[in-house]
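Notes for the one structure printed next.
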Amino acid sequence: MERKSRRITNVWSGVAAVTAFVTQPVPALDELIVVPMHYALVTQLARARGVSVRKLPWRAIQRIIWYGAGARLVANVSVGLVPVVGAFANSVTAVALTEYLSRWLDEAITHPDAPPPVVTMDGLKALFKEALARRAAQQAAPGGAAPATSAAPEPEEGKP
């Protein structure tokens, strides 16, 4: 990512994080504010890179923004009842979506002939399936990662 694009992304990530943190007590309020911010980010990044806003792959950009907003809403409702954790998680998801959108757009602008894959529900399902399969393979392999549910190692014989 170019230096100017990185700076723009950092600013918008910070603004999205603060907005999400402050608006967390009201369900879905942050999405109503952060979604237009993401559109502003896209136009600012395009202009900074010298690309016409009309030439952007808007269908894919809209999918990222709206699927991301939906995923954030589900995640935030899940942990939103815990006072500090909910606000923190809300901020983290806002930053993560902003970063993903910026990186995707940067890649699409850099390589317009071979843009990154478009985000779809089927693609997300496949991504999660692949990640779960990889995790299961690691756990099943000798010397693989310990299962996430194991509490503590078994004590050796004769030792308390």
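Each number in my numbering comes from the position in the sequence shown (counting from 1) with 55 added on. C-beta atoms are modelled at their ideal positions from N, C-alpha and C, and glycine is treated no differently.
CA-to-CA distance, residue j to residue i, given in whole angstroms
i, j, result
"T64", "A149", "12 Å"
"V66", "L111", "21 Å"
"A103", "P197", "50 Å"
"M56", "T165", "9 Å"
"L152", "D168", "24 Å"
"S133", "N145", "11 Å"
"V147", "V73", "10 Å"
Which listed residue (the options) has its alpha carbon closest to that of residue i
i, options, result
"L156", "S146, Y94 and T175", "Y94"
"L100", "P80, W159 and Q194", "W159"
"S60", "E162, N131, S133 and R114", "E162"
"L96", "E154, K180 and A188", "E154"
"P170", "A71, R114, V70 and Q79", "R114"
"N131", "K184, L84 and T98", "L84"
Residue i burial status per 10 Å Cβ neighbour count (16 or more: buried)
i, result
"G141", "buried"
"A195", "exposed"
"L87", "exposed"
"S107", "exposed"
"G123", "buried"
"T78", "buried"
"R58", "exposed"
"R189", "exposed"
"R109", "exposed"
Min CB distance residue i to chain E below 8 Å
i, result
"P82", "No chain E is present in this structure, which holds just one protein chain."
*How do the segment 111 to 120 and the segment 166 to 176 stand: do at least 3 beta-carbon pairs fall below 8 Å, yes or no?*
Touching, yes.
*Which full runs of the alpha helix (DSSP H) of 4+ residues lie inside the segment 77 to 111, going along the chain?*
Whole alpha helix (DSSP H) segments, 4+ residues: 84 to 103.
*Starting from the N-terminal side, write out each stretch of the alpha helix (DSSP H) that is 4 residues or longer and does not extend beyond the segment 138 to 170.*
Runs found: 138 to 165.
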